[in-house]
Amino acid sequence: MLNTIKHILTSKSIRNKILFTIAIIILYRFFIFVPVPFVDIDTLKSAVSNTTGGMQLFAMLMGWSLQKFSLVALGLIPFINASIILQLLTVVIPHLEELKEEWETGNMKIQQYTRWLTLPLAFLQAIGMVYLIASYIPGVINTSSFSIVLSAAFALTVGTILLIWIGEMITEKGISNGISLLIFASIISGMTSSFMNFTWSAEKGNLTSVLIFILAIVLVLIVLSILLIRTRKEIPVTYAKAWKIQETAVLPIPLNPVWMIPIIFAMAFVSFPYLLWQILYKFKETAWTEAIKSFTETYMNIMTQNPHYVAVILYFLLIVLFTFFYSWVTFKPEKMAEQIQRRGGYIPGIRPGEDTAKYLNDVLMHLCFWGGIGLGFIGIYTYVINWIPFIQDAVQTGWLNAVPVIVSGAWVIIIVWVVQEIINKLNADLLMEKYSKIV
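Numbering (the numbering used here), first residue to last: 1 to 439.
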C-alpha cells in the first residue's frame, strides 16, 4: 500500500489528475453558494435542516444545495433519470440496443441522447421542484407569478447542465467517473456538516457513547456494502476451436449489479402518492381529497424520521422488486447465452443455447434475491433502527436522534462504491504507466 501511494505521488500524470479533480470539486462546491433568484433562503434553510428521512436523501442527492436553493440545487437527478430511461428503452427500441452492442462508439451516441433528454427533463423537474417545495414549505417562493417560476426553473436547468459538464471533465481528465464523484463529494460534505453540528449541540456526557454507536453502525454498513459490491459469481466459459480447447474465460455476475438504482426507484414510487396528494389538496380542498391526503400522509409518507411500517415494508419490497427487474433488463440472460454460443463458447456441463440461458437466469435470480435483500436492508436502516426498544428510548431522550441523519446506509454504499472506483482507476493508470515505460 505504501509503495502504491509512493508511485502515485511520484507519477506526474496521476498527480496532475488528482489535482485537477480536487480543483474541479472545489469549483463545484463554489456553485452551492450561488442562489436562485426570488427565493427566501432563510425560510428554506430552516425547514430543510429540521427534516429527516427521505427529505434528507433528497437533499443529499442534490448536493445539500437545497438548503440555499442554489443554482445547482436540482443536482444530477435529471441526468440520472435520463440515463435510466434510455437504459430501459433499449429493451423496446432496437436502434438503442444496436448502439449498446457497438461498445465505445455506440455508448458515445447513447451519452449524447442522454444529454439531450436531460434538458427537457431538467426543465420540467425544475418547475415541479419549485411548486413542490413551495407547497411543502410555504413562503419560500412566490408561485403565483408564473414568470418567477419559469425564471427559477431556467436557472436550475442551467445548473444541472453545468454539473453534467463538470462531471464529464472529471471523467475525461480526472481520477474517476465524474458524476459518481460529484455525488460522493456531496455526501461527504453533508455528513461532515451534520456531524459537526451534532457534536457542537450534543451533551458532553453522551458524546462518547454516541460516537461509539455511530462507529459501530458505520463498520456494519461498510462491511455489508463491501459484500454487496465485491461479491460475485464467476462462471467459467470455455471457448473451443476444431474440438480443441483454445482458452477458458470467466463470466463474473455481481451480487448487486444495479448499484443504487432500486433505492432511487423505490423512493420515488413510495413517496409519489404522498407528494401528489399534498399538492392536489392545495388546489382543491374537499372532504375526499382531505381523506386521501390524510391516508397517504399516515401510511405512505416515507419522508420522515419514523414512517408507518406499511410504507417501510412497501419500500423494502420495491427495492427487492426493482433489483430483480433492473438486473434482468441490464444483463439479459438470453442475449448473454447467444453471444457465448456465437463466439464458440460454452459453460462446462451446460448445453449451449436455451439451457445456458436458463442457467444464467437462475444464477442471476439467486444473486438478485440476496443482493436485493441486502440493498433493501441498507435502504430501510434509517427507519428500522428506530424500532429497536433501547434505541427508541435513546431517541426519545434526544441523544441518538441525529444518528440516522448523520449515517445513512445509502450514503455509505455510495461512498464505498466510489472509493472502489477510484482505487480501480488509479491501479489501471499505474499499470498503463508501467507498460508505457517498458515499451
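Where a beta carbon is used, it is the ideal one built from N, C-alpha and C, also for glycine.
Using a C-beta cut-off of 8 Å, the segment 107-120 makes no contact with the segment 131-139, since fewer than three inter-stretch Cβ pairs fall below that distance. Taking a contact as a CB-CB distance under 8 Å, the pair F31 and V91 does not count as one, their CB atoms being some 36 Å apart. Within the same chain, L74, I77 and P78 come within 7 Å of Q125 by CB-CB distance, once the 5 residues on both sides are set aside.
Judged by DSSP in its simplified three-state form, P78 adopts helix. Per DSSP, M300 lies in no alpha helix (DSSP H) segment and is marked neither H nor E. Looking at the DSSP output, I141 shares a beta bridge with V39. By the criterion of at least three beta-carbon pairs nearer than 8 Å, the segment 11-22 is in contact with the segment 161-175. Between the alpha carbons of V149 and Y359 lies a gap of roughly 53 Å.
Judged by their CB atoms, G409 and I378 are nearer to each other than the 8 Å cut-off. Considering only A23, D42 and V237, the residue with the shortest C-alpha distance to R351 is V237. Taking the Cα positions, H308 is about 21 Å away from F322. In the three-state scheme derived from DSSP, where H, G and I count as helix and E and B as strand, T157 is classed as helix. The three-state secondary structure of R343, taken from DSSP, is coil. Fewer than three beta-carbon pairs drawn from the segment 332-339 and the segment 219-228 are found closer than 8 Å, and the two stretches are therefore not classed as touching.
When C-alpha distances from Y274 are compared across L211, F265 and K293, the shortest belongs to K293. Under the 10 Å beta carbon count, I422 is surrounded by 16 or more other beta carbons and is classified as buried.
Between the C-alpha atoms of T296 and A311 there is a straight-line separation of about 9 Å. Partner residues in the beta bridge of T248, as assigned by DSSP, are T238.
The shortest C-alpha to C-alpha distance from S144 to any of I85, I229 and F38 is the one to F38. Excluding the 5 residues flanking it on each side, V363 has same chain C-beta neighbours closer than 8 Å at K233, I235 and I253, in chain order. If you ignore the 5 residues before and after L318, its C-beta comes within less than 6 Å of the C-beta of A266 and F269, all in its own chain and listed in chain order. Apart from sequence neighbours up to five positions away, the residues of its chain that approach L182 with a beta-carbon distance below 8 Å are I25, Y28, G63, L76, L163, I166, G167 and I170, ordered along the chain. The three-state secondary structure of R232, taken from DSSP, is strand. Assignment of S180 by DSSP, reduced to helix, strand and coil, places it in the helix class.
Under the three-state reduction of DSSP output, S70 falls in the strand class. If you draw a straight line from the Cα of Y381 to the Cα of M300, it is about 17 Å long. In the DSSP assignment, W328 falls within the alpha helix (DSSP H) that extends over Y309 to F331.
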